[in-house]
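Here is the structure we will look at, set down as structure tokens.
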Amino acid sequence: MLDGRTAGRLRDMDIRLEPWSESALSLLRRINTPHMRRHVGGPEPEDRLLARHRRYLAMSETGRGCMFAIVLGDEMVGSIAYHQRAWHGRQIYETGWNVLPPFQGRGVATAAGTALIAIVRAAAGRPDNPRSLHAFPSVDNASSNAICNRLGFTRLGACDFEYPPGSGTLMRSNDWYLDLTEPTPPADSYAMLADEPPAIGSTGAPRTGRC
12 MLDGRTAGRL RDMDIRLEPW SESALSLLRR INTPHMRRHV GGPEPEDRLL
62 ARHRRYLAMS ETGRGCMFAI VLGDEMVGSI AYHQRAWHGR QIYETGWNVL
112 PPFQGRGVAT AAGTALIAIV RAAAGRPDNP RSLHAFPSVD NASSNAICNR
162 LGFTRLGACD FEYPPGSGTL MRSNDWYLDL TEPTPPADSY AMLADEPPAI
212 GSTGAPRTGR C
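In case it helps, this note's numbering puts the sequence shown at residues 12 to 222.
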């Protein structure tokens, strides 16, 4: 749960989520470093990085999720996504994020996560869509686990999680769960971040584009 001072600081941040675009390739390269990818197997070679970029561009076309660039002011400072996947015999939404080192510790991931939860809640209201959102940070990733807790997720416990999907490589992760059918939390929780969720797209107006 956020204290009032933290909530006020985040409310004043100019954070936006913008659907992944060709220009976000430079952001992906900044994320692809030993430090940024130390919990997920290390940096990828250029061919795999370009393949990942193409997958991100195509995500919204599936209708099952979307990759976003996190934009602070006029600068791309991280990424966040949601997508459908099978987990323990049912369909869920999964989320994950990255924030570049110069912008870590400033509430960027928490603000972006709040905006994303609003998007996924809307998607969950459509027939046959999943009703829960999960995050699977490494058990060693203290900052991401703390963000999950701050955003109102419940930790279900540790699990072996395949990453990247289809690789056969298992990562020891925590399974964090958010019930999307529950009402938006009251003003004393992460909903304090803003009177409305951070904008998607241009400042002051939600984007109505492909995501």
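By construction, the Cβ of each residue, glycine as well, lies at the ideal position given by its N, Cα and C atoms.
Own chain residues within Cβ distance below 7 Å of residue i, not counting five before or after
| i | result |
| --- | --- |
| residue 38 | 80, 87 and 90 |
| residue 43 | 54, 55 and 60 |
| residue 140 | 134 |
Assigned exposure category for residue i - 16 Cβ within 10 Å defines buried
| i | result |
| --- | --- |
| residue 181 | exposed |
| residue 201 | Unreliable placement is indicated for residue 201, whose pLDDT of 36 sits below 50; the coordinate value is still reported in the next sentence. Buried, because 16 or more other Cβ atoms sit within 10 Å of the Cβ of residue 201. |
| residue 167 | exposed |
| residue 62 | exposed |
| residue 124 | buried |
| residue 27 | buried |
| residue 157 | exposed |
| residue 74 | exposed |
| residue 161 | buried |
| residue 154 | exposed |
| residue 122 | buried |
Nearest-angstrom Cα separation, counted from residue j out to residue i
| i | j | result |
| --- | --- | --- |
| residue 69 | residue 135 | 20 Å |
| residue 45 | residue 53 | 5 Å |
| residue 171 | residue 128 | 24 Å |
| residue 190 | residue 165 | 9 Å |
| residue 24 | residue 120 | 12 Å |
| residue 65 | residue 57 | 12 Å |
| residue 142 | residue 98 | 13 Å |
| residue 109 | residue 41 | 10 Å |
| residue 173 | residue 179 | 6 Å |
| residue 116 | residue 100 | 36 Å |
| residue 137 | residue 111 | 33 Å |
| residue 47 | residue 188 | 24 Å |
Integer-rounded CB distance, given that residue j should sit under 8 Å from residue i
| i | j | result |
| --- | --- | --- |
| residue 159 | residue 148 | 7 Å |
| residue 106 | residue 146 | 5 Å |
| residue 76 | residue 102 | In fact, because the Cβ distance is near 12 Å, the residues do not count as touching under 8 Å. |
Same chain, Cβ closer than 8 Å to residue i, neighbours up to 5 away in sequence not counted
| i | result |
| --- | --- |
| residue 169 | 150, 183, 184, 185 and 186 |
| residue 152 | 50 |
| residue 194 | none |
| residue 32 | 68 and 80 |
Spatial neighbours of residue i in its chain, beta-carbon cut-off 6 Å, leaving aside the 5 residues before and after
| i | result |
| --- | --- |
| residue 131 | 93, 104 and 144 |
| residue 114 | 88 |
| residue 78 | 31, 67, 70 and 92 |
| residue 35 | 80 |
| residue 84 | 25 |
Span of the alpha helix (DSSP H), counted from its first residue to its last, around residue i
| i | result |
| --- | --- |
| residue 121 | 119-135 |
| residue 231 | Shown here, the chain extends from 12 to 222; a query on residue 231 therefore has no answer. |
Residue i: first and last residue of the uninterrupted beta strand (DSSP E) it sits in
| i | result |
| --- | --- |
| residue 188 | 181-190 |
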